[in-house]
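Structure follows, in structure tokens:
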């Protein structure tokens, strides 16, 4: 039997996508919800805010490593069992975050939290590829992005709301409760999507061979690079937006939460538009549109960075375009990358997710060494990332892409 057998279904239910979106939303909730609490946490631990902020790249590290584990594991034993383990680890790690007494323990607990929570995004992508063809997958990824886009809109506001009544520990209690809810939803509502006869019998050596084979597969590698570097723009924004908007332009916590959330709303808006255009434009064409939108945003930000006193409206417009364009680039790059992966979809999903967060780590490291203003540093790195993504997009063969459709 061909282990790379393609799925034949072209439809999916809204409830199924909602469940997958809930699993995927653990990531943005865990990343963004505690951001308003960083100064309070730093005060409690007696360290700088930047020191506590290192829990963010620690979470990215856990996400990058964990996905490489769950991918081949889910290809071997199915999609549901890894969900049980990962969500249990997430709940336990969230409890540890509540109980920690210093910043180093929190960093360790955040790595564990990410190692558990990342199972959702791996399985969600693989489950979509298990059931749907490429065009339906692009639609499903767009639908999922619309739903999960609510998470970064609400997360900072929810965090600020919790802090108005409780201390920062309550944020991690809230995340733990969400993890429990996800576990229960998986137990009662998630049906296995990878039949036993399609599972890969992998030992450790074969896992590394599978990773090598996936990287050598150009139909995966090129759209993966396009998706990772266009998505890396978002990590540049997450790392720099607070310093630019709060320190540079004097926005308070509430105004910053609104600005942050409106950019996340932009991703939802363009994801919705991307989905509606699916009947009229190809996956490849929509990917190019997203790339040009993000490139325009990066160029606007570079212009703002060159001005001595750039108006905040210009800065916000550039951020909105650079971030919102992910609503086009993300789903379509994902659909193209996963289109020929078949039974190894879990491993391929893990590779793509891991590389995305590796771009986030790379961006965070580079930003520490750039010597211009916070705005110019972010704009320059965004322009570099989206330029690499555009090179990848235009190195794709439209004829082969259409043949995959």
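Residue numbers (this note's numbering): -7 to 397. Each residue gets a CB set at the ideal place from its N, CA and C atoms; glycine is no exception.
Item to check | Touch test, the segment 86 to 105 against the segment 176 to 196, Cβ-Cβ under 8 Å, three pairs minimum | outcome: Result no; under three Cβ-Cβ pairs closer than 8 Å.
Next on the checklist: Please return the same chain residues whose Cβ sits closer than 6 Å to the Cβ of residue 12, not counting the five positions on each side in sequence.
Outcome noted: Correct list, in chain order: 116 and 136.
Checklist entry - Tell me which same chain residues have a C-beta within less than 7 Å of the C-beta of residue 44, skipping the five on either side of it? => result Contacts found: 30, 33, 34, 37 and 95.
Next on the checklist: I'd like the span of the alpha helix (DSSP H) that includes residue 369, first residue to last.
Outcome noted: That run of the alpha helix (DSSP H) goes 366 to 387.
Item to check | C-alpha gap between residue -4 and residue 340, whole angstroms | outcome: Residue placement at residue -4 is flagged as unreliable, the pLDDT there being 46, under the threshold of 50; the coordinate-derived value follows with that caveat. Distance between the alpha carbons of residue -4 and residue 340: 12 Å.
Item to check | Backbone CA spacing between residue 143 and residue 201 [nearest angstrom] | outcome: Per the coordinates, the alpha-carbon of residue 143 lies some 36 Å from the alpha-carbon of residue 201.
Checklist entry - Are residue 370 and residue 236 touching if we call contact CB-CB under 8 Å? => result Yes; because the gap between Cβ atoms is below 8 Å, this pair is in contact.
Checklist entry - For residue 101 versus residue 270, is the C-beta spacing smaller than 8 Å? => result For residue 101 and residue 270, no; Cβs fall outside 8 Å.
Checklist entry - Under the rule that 16 or more other beta-carbon atoms within 10 Å means buried, what is residue 278, buried or exposed? => result Counting Cβ neighbours within 10 Å, residue 278 comes out buried, since at least 16 surround it.
Item to check | Stretch-stretch touch, CB-based, cutoff 8 Å, three pairs: the segment 181 to 200 with the segment 286 to 303 | outcome: Contact between the segment 181 to 200 and the segment 286 to 303 is absent: fewer than three C-beta pairs spanning the two stretches fall below 8 Å.
Next on the checklist: Can you find the residues in the same chain that come closer than 6 Å, C-beta to C-beta, to residue 343, ignoring five residues on each side of it along the sequence?
Outcome noted: If we look at residue 343 and ignore the five residues flanking it on each side, its Cβ neighbours are 206.
Checklist entry - Is the segment 370 to 385 touching the segment 75 to 82, taking contact as three or more C-beta pairs under 8 Å? => result Contact between the segment 370 to 385 and the segment 75 to 82 is absent: fewer than three C-beta pairs spanning the two stretches fall below 8 Å.
Checklist entry - Measuring CA to CA, which of 334, 267, 347 and 240 is closest to residue 53? => result Of 334, 267, 347 and 240, the residue nearest in Cα terms is 347.
Item to check | Within the segment 175 to 246, ranges of the alpha helix (DSSP H) (whole runs, at least 4 residues) | outcome: Entirely contained in the segment 175 to 246, the alpha helix (DSSP H) runs reaching 4 residues are, in chain order, 196 to 208 and 210 to 234.
Checklist entry - Is the distance from the Cβ of residue 25 to the Cβ of residue 250 below 8 Å? => result For residue 25 and residue 250, no; Cβs fall outside 8 Å.
Next on the checklist: Going by DSSP in three states, residue 351 sits in which element: helix, strand or coil?
Outcome noted: Note: residue 351 maps to helix in three-state DSSP.
Checklist entry - Using 8 Å as the Cβ pair cut-off and three pairs as the minimum, do the segment 147 to 155 and the segment 103 to 112 touch? => result The segment 147 to 155 vs the segment 103 to 112: no contact.
Checklist entry - Measuring CB to CB, does residue 378 end up less than 8 Å from residue 221? => result Closer than 8 Å, so yes.
Next on the checklist: Please classify residue 386 as buried or exposed, where buried requires at least 16 neighbouring CB atoms within 10 angstroms.
Outcome noted: Residue 386 should be labelled exposed.
Next on the checklist: Going by C-alpha to C-alpha distance, which of 71, 354 and 313 sits closest to residue 228?
Outcome noted: Considering only alpha carbons, the answer is 354.
Checklist entry - Of the residues 199, 318 and 362, which one's Cα is nearest the Cα of residue 63? => result That would be 199, whose Cα lies nearest to the Cα of residue 63.
Checklist entry - Which class does residue 131 belong to by DSSP, given the choice of helix, strand or coil? => result If DSSP states are grouped into helix, strand and coil, residue 131 belongs with the helices.
Next on the checklist: Please classify residue 232 as buried or exposed, where buried requires at least 16 other C-beta atoms within 10 Å of its C-beta.
Outcome noted: Residue 232 comes out buried.
Checklist entry - What whole-angstrom Cβ distance do residue 212 and residue 333 have, given they're in contact under 8 Å? => result The C-beta distance from residue 212 to residue 333 rounds to 6 Å, short enough to fall under 8 Å.
Next on the checklist: Please give me, in chain order, every unbroken run of the alpha helix (DSSP H) with length at least 4 that falls completely inside the segment 54 to 112.
Outcome noted: Secondary structure within the segment 54 to 112: the alpha helix (DSSP H) runs of 4 or more consecutive residues, fully enclosed, are 72 to 91 and 95 to 109 (chain order).
Checklist entry - If we call anything under 8 Å between Cβ atoms a contact, is residue 329 one with residue 219? => result The Cβ-Cβ distance between residue 329 and residue 219 falls below 8 Å.
Checklist entry - To the nearest angstrom, how far is it from the Cα of residue 15 to the Cα of residue 174? => result A straight-line Cα-Cα distance of about 7 Å links residue 15 and residue 174.
Checklist entry - Taking the C-alpha atoms as reference points, what is the distance between residue -2 and residue 125? => result Since pLDDT at residue -2 reaches only 48, below the 50 mark, its modelled position is unreliable, and no value is offered.
Checklist entry - What residue range is occupied by the uninterrupted alpha helix (DSSP H) comprising residue 280? => result Per DSSP, the continuous alpha helix (DSSP H) segment holding residue 280 begins and ends at 275 to 298.
Item to check | Own chain, CB closer than 8 Å to residue 99, minus 5 neighbours either side, in chain order | outcome: Cβ-Cβ distances below 8 Å link residue 99 to 46, 47 and 50 in the same chain, with the five nearest sequence neighbours on each side left out; the list follows chain order.
Checklist entry - What are the boundary residues of the alpha helix (DSSP H) that includes residue 312? => result Unbroken alpha helix (DSSP H) run through residue 312: 304 to 316.
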